[in-house]
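For reference, the structure is listed below as structure tokens.
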Amino acid sequence: MIADLGFAVVLIAFLSAIYAAIVSVIGARRNDERWVASARNAAVATFPLLLLASGLLITLLLQGDFSVDYVYQVSSREMPTYLKVTALWGGQAGGLLFWNLLLAAFTATAMLRKWDDQRPLMPYAILVASLTQIFFIGLVAFVENPFSRIPGLIPADGRGLNPLLRHPGMIIHPPMLYLGFTGFTIPYVFAMAALISGKLDEGWIRTTRRWTLVAWLFLSLGLILGGRWAYDVLGWGGYWAWDPVENASFIPWLSGTAFLHSVIIQEKRNMFKGWNMFLVIATYLLVILGTFIVRSGVISSVHSFAQSEIGPLFFGFLGLMIIFSVYWVVHRWDELSTENRLESLLSREAAFLFNNFVFIGILVATLWGTLYPIISELFTNEKVTVGPPFYNKVNGPLFVLLLLLMGIAPLTMWYRSSAQRIGMAIRWPALAALVVVGALIAFGIDSWAALLGLWVVTFSLILTVIEFVKGVRARMKRGESPWAAFSNLMARNRRRYGGYWIHLGVLVMAFGIIGSYFFQQETQIRLRAGESLSLGTYTMTFNGVRQYPGLDDLLIKEANLSITDNGRDVGTLTPRTELYTRSGQPMTIPSLRSTIEEDFYVIMVNWETVLANEATFRVFLNPLINWVWAGGLIFVIGTLIAAWPSPARERVAASARRRIALGPALGGD
Amino acid sequence: MAQTTWTTEQGELLQPRSSRLKYVVGGVLIVAALAFLIINAMSGNTQLYKTVDEFYAEQSRLVGRDLRVSGYVLGDSVEFIQIDATTSRLEFDIVDDIRNPGQRLRIVAENEPMPDLLQHEAQALVEGHADANGVFYANSGGLFLKCPTRYEEAAPTG
Numbered sequence: 001m002i003a004d005l006g007f008a009v010v011l012i013a014f015l016s017a018i019y020a021a022i023v024s025v026i027g028a029r030r031n032d033e034r035w036v037a038s039a040r041n042a043a044v045a046t047f048p049l050l051l052l053a054s055g056l057l058i059t060l061l062l063q064g065d066f067s068v069d070y071v072y073q074v075s076s077r078e079m080p081t082y083l084k085v086t087a088l089w090g091g092q093a094g095g096l097l098f099w100n101l102l103l104a105a106f107t108a109t110a111m112l113r114k115w116d117d118q119r120p121l122m123p124y125a126i127l128v129a130s131l132t133q134i135f136f137i138g139l140v141a142f143v144e145n146p147f148s149r150i151p152g153l154i155p156a157d158g159r160g161l162n163p164l165l166r167h168p169g170m171i172i173h174p175p176m177l178y179l180g181f182t183g184f185t186i187p188y189v190f191a192m193a194a195l196i197s198g199k200l201d202e203g204w205i206r207t208t209r210r211w212t213l214v215a216w217l218f219l220s221l222g223l224i225l226g227g228r229w230a231y232d233v234l235g236w237g238g239y240w241a242w243d244p245v246e247n248a249s250f251i252p253w254l255s256g257t258a259f260l261h262s263v264i265i266q267e268k269r270n271m272f273k274g275w276n277m278f279l280v281i282a283t284y285l286l287v288i289l290g291t292f293i294v295r296s297g298v299i300s301s302v303h304s305f306a307q308s309e310i311g312p313l314f315f316g317f318l319g320l321m322i323i324f325s326v327y328w329v330v331h332r333w334d335e336l337s338t339e340n341r342l343e344s345l346l347s348r349e350a351a352f353l354f355n356n357f358v359f360i361g362i363l364v365a366t367l368w369g370t371l372y373p374i375i376s377e378l379f380t381n382e383k384v385t386v387g388p389p390f391y392n393k394v395n396g397p398l399f400v401l402l403l404l405l406m407g408i409a410p411l412t413m414w415y416r417s418s419a420q421r422i423g424m425a426i427r428w429p430a431l432a433a434l435v436v437v438g439a440l441i442a443f444g445i446d447s448w449a450a451l452l453g454l455w456v457v458t459f460s461l462i463l464t465v466i467e468f469v470k471g472v473r474a475r476m477k478r479g480e481s482p483w484a485a486f487s488n489l490m491a492r493n494r495r496r497y498g499g500y501w502i503h504l505g506v507l508v509m510a511f512g513i514i515g516s517y518f519f520q521q522e523t524q525i526r527l528r529a530g531e532s533l534s535l536g537t538y539t540m541t542f543n544g545v546r547q548y549p550g551l552d553d554l555l556i557k558e559a560n561l562s563i564t565d566n567g568r569d570v571g572t573l574t575p576r577t578e579l580y581t582r583s584g585q586p587m588t589i590p591s592l593r594s595t596i597e598e599d600f601y602v603i604m605v606n607w608e609t610v611l612a613n614e615a616t617f618r619v620f621l622n623p624l625i626n627w628v629w630a631g632g633l634i635f636v637i638g639t640l641i642a643a644w645p646s647p648a649r650e651r652v653a654a655s656a657r658r659r660i661a662l663g664p665a666l667g668g669d
Numbered sequence: 001m002a003q004t005t006w007t008t009e010q011g012e013l014l015q016p017r018s019s020r021l022k023y024v025v026g027g028v029l030i031v032a033a034l035a036f037l038i039i040n041a042m043s044g045n046t047q048l049y050k051t052v053d054e055f056y057a058e059q060s061r062l063v064g065r066d067l068r069v070s071g072y073v074l075g076d077s078v079e080f081i082q083i084d085a086t087t088s089r090l091e092f093d094i095v096d097d098i099r100n101p102g103q104r105l106r107i108v109a110e111n112e113p114m115p116d117l118l119q120h121e122a123q124a125l126v127e128g129h130a131d132a133n134g135v136f137y138a139n140s141g142g143l144f145l146k147c148p149t150r151y152e153e154a155a156p157t158g
């Protein structure tokens, strides 16, 4: 009954999206606001409808109605309530419904918030948003229906959730990625609306920028949380593997980041209109491509997704949207070109341009590596893959360039800046960074690549901190206290200083990535009780294994290790294996000593061979790894600062809206 | 490298024709640099991707080459042997189709932890190379088991 209702609600949402698309076109053609308003209401209505459908699916999950195939696949009686709720996005069909819910939420918010502000773009914005919704809701309604029933006998219990996914990082990570992915639809919607309506002034850019930042924040969070989950759960001591599925979310992140930078040039200098349009469209298409890669299984990945027939449908949709986008860009090509040109290669706009080249370079290289199995099979009839060494080798130098730009670019001025001035500004930081590198060499670090990376990071870090100091000093000269000067600086110029916080976060992360990539040590050894192992400055002594039953069907084997650092006692570590005896699924849980310098990370190698007084351990020493997570946190805070609506600007925007509302409301093509 | 520019009465800049050429040359150089980086990074870092049957079809050609093979794990074949305190050996067989196992490929991984996901029907991706006897040696860190990104199990294809 509930399942039938759920399916019916999804169908109504589907029809509502079709209605919105058709009526928005009629509204635009007739230039009649009543039609457009009706289309908007239909587009907004998809949100409560999909919310209801999601609520009904959650009800089925909570009830444990295993006559519904999806409920059977992703849940079981013994699962705790919160996991039953999050099982909404635990499988393909539910995940797609959840995806639609988020897309509808974004669409409804954008349509309501921008209704007064962007009236002329609205009919087309509704059209493009609804086209996307028709495709995705259609998938849920007709291909991957989460409400479909199991044929034959109703099973007594469901299959349940893989224990490896019972981790907070894994529960939050998919929704974050989904929010990021679906969020990028809104910038695309307004970009296309600007193209179709021909209103290519700065209006769409203003609307798009904040939305891009929000989507970008969620995508960044998704990437960071995914890495943290891998580090905590998978037991290989790493957090990023350049797997196609990871790349699928990293690639749109790159083009989104490029856009967030180059959009500033359009605002300040009215340049690169066409390029910005390209980046917004590319980001959306790469999101669709990424979803296709993830869901279709065309590229072999260590992530497994249920194979299904949605691959070709995605491919078709991607093709249609490419044709649709390219057609409108070509149609409006003349209006996208600008008269302003670069005046100097030593200017802020040139710095942003270089930054974009590097981002696109990383994007192209990563996309090339990800798609290479398909490309090679097409031309040589043989699938060839490239692994992490490829990505590290090609992207390493590009990341170094990016970090270097991060330090220097804020020193440049619009139009042109003097080489002498920049030279003066970077002299001392460059030297100071060199001193740091000298100290590192004295400590015995001899990898030139690591030293180069650390020099660049230190250099740009100093310059970024100087930007903050300069800003605070200038305000203090006007008589503000240091703290007031600092907080006013942030509040008055959120985008700029939020951006610098993000840079700081990236630099701190880069420090951690260089440390853990170049200097990771690992070893594997079987110990008897009383024996010990030394790695780095650490020594661990094995005291034995305790075996005890855990919750439900769990059987736990927990080793006890005494750890000393430089001979000083620093406590015990207790790596363990948990065996889900019913399913036979083991779970290896690392134990680590985390400090600002490094993680001493221990796992047991094979639960079967663990005896009371003998076990095999794999031990990792991951230098600076916590800087990766700390940098991630700074990064997210910076993005929040940049994206936070500033009260002053909102008031200005609101009064501008009122002024606009007094004028003629709707214009067509 | 004196560069002349002209300004119109409105203060807009006009670019001499040589400037356009400069952008084209610059663009070509950037694309060339990226192409060089990509090609350079690919040399020595590519693997042929083969399923078990594809591997056996061309076994003699593939011996010793860098490969990435994929297949489904036969649960009964998994062995973890602790040779001495610092050496362990993990062995298992993979096949293309679990329900209709044809040829088996023996995978050997030295000093690798036993992955939690190494279970019957799990899909393994292994980077390494094969010897003449058809035993496939995994590179260090070259053994991947498909991560159950979705809760539901992937239907083994065949």
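Sequences listed follow chains A and B, in order. For the first sequence, position 402 (counting from the first letter as 1) is numbered 402 according to my numbering, and the numbering increases by one without interruption. For the second sequence, position 147 (counting from the first letter as 1) is numbered 147 according to my numbering, and the numbering increases by one without interruption. For each residue, glycine too, the CB sits at the ideal point set by N, CA and C.
| Query | Result |
| --- | --- |
| DSSP state of Asp96/B mapped onto helix, strand, coil | coil |
| Proximity winner among Met424/A, Trp448/A and Ser460/A, relative to Ser433/A (alpha-carbon distances) | What sits at residue 433/A in the sequence shown is Ala, not Ser. Cα-wise, what sits closest to Ala433/A is Ser460/A. |
| DSSP three-state assignment for Arg209/A, whether helix, strand or coil | helix |
| Under 7 Å by beta carbon: chain B residues contacting Pro586/A | Asp116 |
| Chain A residues whose Cβ lies nearer than 9 Å to that of Ser88/B | Gln524, Arg526, Val605, Asn606, Thr609 and Thr616 |
| Among Leu195/A, Met587/A and Arg228/A, the one whose alpha carbon lies nearest that of Met122/A | Leu195/A |
| Meets three-Cβ-pair contact criterion under 8 Å: the region 71-91 of chain B and the region 506-519 of chain A | no |
| Ordered list of beta strand (DSSP E) runs contained in the region 316-346 of chain A, each at least 3 residues | none |
| Three-state secondary structure assigned by DSSP to Phe443/A | coil |
| Minimum Cβ-Cβ distance from Ala559/A to chain B less than 8 Å | no |
| Contact set between Ala109/B and chain A, taken where Cβ atoms lie within less than 8 Å | Correct list: empty, because the minimum Cβ distance to chain A is about 12 Å. |
| Alpha carbon of Ala559/A to alpha carbon of Leu640/A, nearest angstrom | 42 Å |
| Which residues DSSP lists as bridging Thr588/A, in chain order | Thr577/A |
| Cβ contact (3+ pairs, closer than 8 Å) linking the region 602-612 of chain A and the region 462-473 of chain A | no |
| Where Gly536/A falls: helix, strand or coil (DSSP) | coil |
| Own chain residues within Cβ distance below 7 Å of Gly667/A, not counting five before or after | Only weak support exists for where Gly667/A lies, its pLDDT of 35 falling under 50; the coordinates are left without a value. |
| For Asn356/A, the first and last residue of its enclosing beta strand (DSSP E) | No beta strand (DSSP E) contains Asn356/A, which is instead part of the alpha helix (DSSP H) from Arg348 to Thr380. |
| Residues of the region 29-53 of chain B with Cβ closer than 9 Å to any Cβ of chain A, in chain order | Ile30, Ala33, Leu34, Leu37, Ile38, Asn40, Ala41, Met42, Gly44, Asn45, Thr46, Gln47, Leu48, Tyr49 and Lys50 |
| CA-to-CA distance, Lys114/A to Arg659/A, given in whole angstroms | Only weak support exists for where Arg659/A lies, its pLDDT of 48 falling under 50; the value from the coordinates is given anyway. So the two alpha carbons sit approximately 15 Å from each other. |
| CB contact check: Pro240/B to chain A, cutoff 8 Å | Residue coverage of chain B in this structure runs from 1 to 158, which leaves residue 240/B outside it and unanswerable. |
| Strand pairing of Arg568/A, partner residues [DSSP] | Asp565/A |
| Cβ pair Ala129/A, Thr107/A closer than 8 Å | yes |
| Where Ser16/A falls: helix, strand or coil (DSSP) | helix |
| Whether Leu34/B touches Val364/A by CB criterion (8 Å) | yes |
| Contact check, Phe314/A vs Thr291/A, beta carbons under 8 Å | yes |
| Within-8 Å CB hit, Phe55/B to chain A | no |
| Cutoff 8 Å: Glu121/B Cβ touching any chain A Cβ | no |
| Cα-Cα separation, Ala41/B to Lys393/A | 5 Å |
| CA-to-CA distance, His503/A to Ala510/A, given in whole angstroms | 10 Å |
| Cβ neighbours of Leu49/A in the same chain (closer than 7 Å, five flanking residues each side left out) | Val9, Ile12, Ala13 and Ser16 |
| Where the beta strand (DSSP E) containing Gln133/A begins and where it ends | Where Gln133/A is concerned, there is no enclosing beta strand (DSSP E), although the alpha helix (DSSP H) it sits in stretches over Met122 to Gly138. |
| Sequence-distant residues of its chain with Cβ nearer than 8 Å to Asn45/B (five each side left out) | none |
| Three-way DSSP call (helix, strand, coil) for Val386/A in this model | strand |
| Coarse secondary structure for His129/B, derived from DSSP in three states | strand |
| Beta-carbon proximity check, Lys84/A vs Leu62/A, cutoff 8 Å | yes |
| Cα-Cα separation, Gly638/A to Glu127/B | 40 Å |
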